Amino acid sequence: MSYTSMDPIPHRHWWRLPVGPDEKIWIAVAYAWCLVMLVWMVGWFFVGNQNQAGEAFKVTLDGFSNKSDQMIDQYQLKDASGNLMAEGETDVPVVQVPAGGNVYIAAHQFEWPIIPVLELGKTYVFHISSLDVDHGFSLLPIVLNLQLIPGYDYVLRFTPNKTGVYRITCNEYCGLGHHLMAGKLYVIDTAHGVVLDGKGGVKGGEIGGAI
Amino acid sequence: MADFDSPTENPEDADPVSGWQAFMDDPSMLLFLGIASPTLLYTLWGVMEVLSVPVAGY
Amino acid sequence: MATAILRNPQDFITCPDTGQNLNKPAISLAKANIFTAIVFLLAGGALGLLVALTRWPAIHILPSELFYIALTGHGAAVLLFWCHFFEVGVAYYFVTSPINARLATPKIAWFSFWLMLIGAAMATVMVLIGQATVMFSAYPPLKAHPLFYVGVILFAVGALIPMFIIIATLIKAKNERTYTGSMPLASFGILIYAIIAIFTWVMGAVIMIPTLLWSMGLIHNMDAQMYRVVFWALAHSTQQMNIVVHITIWYTLAAVLFGARPLNEKVSRMAFVLYLFALQLGSVHHLLSDPGSSFAWRTFNTSYAGYLAVLGSLIHGLTVPGGIELAQRRRGLSHGLFEWLRKAPWANPVFSGFFLSLVLFGFLGGITGVTMSNQQINMIIHNTVYVPGHFHGTVATGTTLAFFAFSYWIVPLLTRHKLAFPGLARMSTYLFGLGMGTFAVFFMAAGHLGVPRRHWDITYADASLPFQFSATVQMLVTVAEIGAVIGGTGALFYLISILGTFMGKTVEKGALPPLAEPAGVVAARLHGGTEPHIKGLEVPGSLVLCLTLLTFLIIYYFAQYKYLATIWGIR
Ligand code: HEM
Ligand SMILES: [Cu+2]
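Chains as they are written, first to last, in our numbering: chain A, 22 to 232; chain B, 13 to 70; chain C, 32 to 602.
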């Protein structure tokens, strides 16, 4: 009488039945690969350049908003005629924090509050958070995605490696205007003459155009 | 190779079954393992992680 | 099939076609739950189609608010209600028939059915009237109407109760000695499912009750990150329940179609126990690009305590097709590596749905799932359409397709009605597998290029700082949505066939036609192909399939890290 996976095991000591060769080979090979992934993931934390575990702090919404405002007051760029630089219908300020400085991204429904300007190869301390609900920070075209949580300052050090115009899109649903949250970011290289062109682009930047 | 279709042992064999086999036949042990493992390792540890995020002071 | 002893025969009817003993209360409950599941699939599938037709750039059918309503409704109706009603239904069957057991406390089971139904209906209505446009994840501080949370809580409690009934039934059967020895693998899988479900729904209560109080204004502080940590213990584990049930269904269908048994009980059960111990830890992979947790917690959990759960899946990946292969080889289909597979009953939707589900789940859902839950890889796909691409590979082409296949067998068995519209049924599995598979692949491609998920307008027409996705990206999204429409058609064919079956006439005998011997079996016997082994291996064909999968996984995995290494430095 043959039995199937739908029948009680007709064998009192089924635990003692030997494992077939195929299964043994597969379990060994499969788990060896699993261990490679484990070692690789941990190894990347120590030697890789991209790790998002970062640091986090609890903040108040007002406190974070103030930090962002202070940064804008201090570092919003001026154009040739001395006017504060801003772009888009909602006049989003263009802000350049000195290399090594703190860049606050205080996202809120339904806008990215600043257009950061970064120098190629310099490291910046980004503080990413939200002033209302969860948002998703998605930096295009490199497709770097981070979750923004109100009340939590997500601190990560970014070192850009390509010049040009980047885009930011919100990719966590944040309310009925979610699809309005498009933003921008510039990476320039002043030493090599790759600078803002004053028309929403970067002269000689590597990244630009459609994503 | 194991041939299930012709049992080599008498099913009424009184020899006690292996510990692992008994474990798998016992829903209460499995229940304990299945609840305790994720509750402690994922949920409680995770909640502690969030609770221990330092306050920035702003 | 059943080798057990029937006690209390008055509580059973014996299926004239399969000889199985069906416990009467269990089959009524199973029918009610499966039928309800199908109604939610109908609703959720229609909403999914509207979402797809909106994301299709050239069609863009719904206005933004309705799009977000439809998307929330789609997620809730299919992910929660379709899957979990179906699972409760089949679980009642699995813990009774195979071991001739009587379901414990059918009255309470009916009570919980109504709780689930009222909860599900309440939540769905709140979503459809625009009072809960928060997505199924409902992350605070986004707030829905309190009745939405009440609905979810009722559903979760209603879904929790059956798990105790399932365990009680198994214990009672053992005590009443309705069977001897260890329970069948199929029932064991359902036991594992029930235990995972208890953890899951308890987590649901733990997080949804405070959220309800908060939505009513009784609690003021709702910590957004704390919610996410506990919410994913709920929401990710519901996926693990789906997986455990669909794997149980795979083993079952291999038994039903081919008389397959586990290659080795110890190995298959260990794989389930690895799930029990480690699968839920994977909940963390939703939080890998979030602030506020240490590398240690992330790593331990996202690797399932050292990839134990991945190992479990890889084992099932061999033993499920391996069971079929061994059974087929013993019937004479033993030429070469794949005769057993070529001569399988591909025109039978029970088989085609099952095998497509196995392959697509592994290659689309599995490979990508393992890769994206690697900590650093996660930040290059998090919240892009890669994510829905991946999980339509798991929950649509994996779980849902397995449920389609199983329905074509279990619904005629339970109702004693012949399968209606067999032609549609035959097409449905291929259409759904192909369509949803295309959708998954192209969404993943578009996700790699940055297309955001849950997004009404990737042309950013009304944004203050608009930008354009390239024509290539638009094209990828379009192809994905064409796939979604094809898949939706497959789901529709399934629904017509199964609803037709439910409404059909009872037949004395022949509701389930005897499974025809696969073409070629007899011929194979004649020319003497009875040697089941090749080079000392039992199931060489399945091993080759698995090694192919592993090769793809390895290549894909390193390709992701290769790309990752080219982006900005992030610390
Ligand atoms: C019937 C055919 C189906 C179609 C046409 C379809 C289509 C879609 C589309 C276009 C999206 C939108 C992705 C986005 O914009 O982010 C989506 C999301 C989703 N689908 Fe499906 N889908 C189908 C079947 C299923 C099934 C069977 C399940 C699960 C059992 C499922 C679960 C989900 C979930 C959970 C989401 C995410 C909702 C969210 O982001 O909140 N879908 N689906
Ligand atoms: Cu947003």
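Idealized CB from N, CA, C, for every residue including glycine.
Keep in mind the model is a prediction, meaning the values are calculated, not measured.
Query: Runs of beta strand (DSSP E) lying entirely within the stretch 144-223 of chain C, each at least 3 residues, in chain order; Result: none
Query: Extent of the continuous beta strand (DSSP E) run through Arg188/A; Result: 185-191
Query: Inter-residue Cα distance where the pair is Thr111/A and Ser495/C; Result: 6 Å
Query: His486/C burial status per 10 Å Cβ neighbour count (16 or more: buried); Result: buried
Query: Boundaries (first-last residue) of the beta strand (DSSP E) holding Glu76/A; Result: 76-79
Query: Three-way DSSP call (helix, strand, coil) for Pro171/A in this model; Result: strand
Query: Outcome for Met202/A when other beta-carbon atoms lying within 10 angstroms are tallied against a minimum of 16; Result: buried
Query: Interface residues of chain C facing Lys205/A [CB-CB closer than 8 Å]; Result: Leu496, Phe498
Query: Distance cut-off 8 Å: Gly196/A Cβ against heavy atoms of ligand 2; Result: yes
Query: Beta-carbon proximity list for Thr34/C, same chain, < 7 Å, skipping 5 on both sides; Result: The pLDDT assigned to Thr34/C is 47, lower than 50, so where the model puts this residue is not dependable, and the model offers no usable value.
Query: Lys205/A - partner residues in DSSP beta bridges; Result: Arg188/A
Query: Exercise answer, beta-carbon shell around ligand 2 heavy atoms below 7 Å; Result: Ala128/A, Gln130/A, Phe131/A, His156/A, Gly157/A, Cys191/A, Glu193/A, Cys195/A, His199/A, Met202/A
Query: Min CB distance Asp38/B to chain A below 9 Å; Result: no
Query: Pick from Thr415/C, Ile529/C, Phe498/C that is closest to Val482/C, judged by C-alpha positions; Result: Thr415/C
Query: Any 3 or more C-beta pairs closer than 8 Å across the stretch 461-481 of chain C and the stretch 422-431 of chain C; Result: yes
Query: Gly58/B CB to nearest heavy atom of ligand 1 below 8 Å; Result: no
Query: Near ligand 1: Val183/C beta-carbon under 8 Å from a heavy atom; Result: no
Query: Exposed unless 16 or more other CB atoms sit within 10 angstroms - verdict on His148/A; Result: buried
Query: CA-to-CA distance, Leu445/C to Phe331/C, given in whole angstroms; Result: 44 Å
Query: The stretch 53-60 of chain C / the stretch 100-115 of chain A touching (three or more Cβ pairs under 8 Å); Result: no
Query: Contacting positions in the stretch 211-239 of chain C - beta carbon closer than 8 Å to chain A; Result: Thr211, Gly212, Ser213, Met214, Pro215, Leu216, Ala217
Query: Chain A contact for Gly559/C (CB, 9 Å cutoff); Result: For Gly559/C, the predicted structure reports a pLDDT of 46, less than 50, and the residue's modelled location is therefore unreliable. A value from the coordinates is still provided. It does not; no Cβ of chain A falls within 9 Å.
Query: Straight-line gap, Gly79/C to Phe392/C (C-alpha atoms, nearest Å); Result: 20 Å
Query: Backbone CA spacing between Gly226/A and Gly219/A [nearest angstrom]; Result: 13 Å
Query: Secondary structure of Thr490/C, DSSP reduced to three states; Result: coil
Query: Cβ-heavy atom distance, Phe473/C to ligand 1, below 8 Å; Result: no
Query: Nearest-angstrom Cβ-Cβ length linking Cys191/A and His156/A, presumed shorter than 8 Å; Result: 5 Å
Query: Local conformation of Tyr587/C per DSSP, three classes; Result: helix
Query: Cross-strand partners of Lys99/A (DSSP beta bridge); Result: Leu105/A
Query: 6 Å CB neighbourhood of Phe125/C in its chain, flanking five on each side removed; Result: Ala217, Ser218, Ile221
Query: Interfacial residues, the stretch 37-62 of chain B to chain C, with Cβ spacing under 8 Å; Result: Asp37, Pro39, Leu42, Leu43, Leu45, Gly46, Ile47, Ser49, Pro50, Thr51, Leu53, Tyr54, Thr55, Trp57, Gly58, Val59, Glu61, Val62
Query: Test: Val67/B CB closer than 9 Å to a CB of chain C; Result: no
Query: Residue interval of the beta strand (DSSP E) (run including Glu140/A); Result: 136-140
Query: Cβ distance (whole Å) where Ile227/C is taken to contact Gly46/B below 8 Å; Result: 6 Å
Query: Stretch pair the stretch 428-439 of chain C + the stretch 77-96 of chain A: three plus CB contacts closer than 8 Å; Result: no
Query: C-alpha gap between Tyr207/A and Gly313/C, whole angstroms; Result: 36 Å
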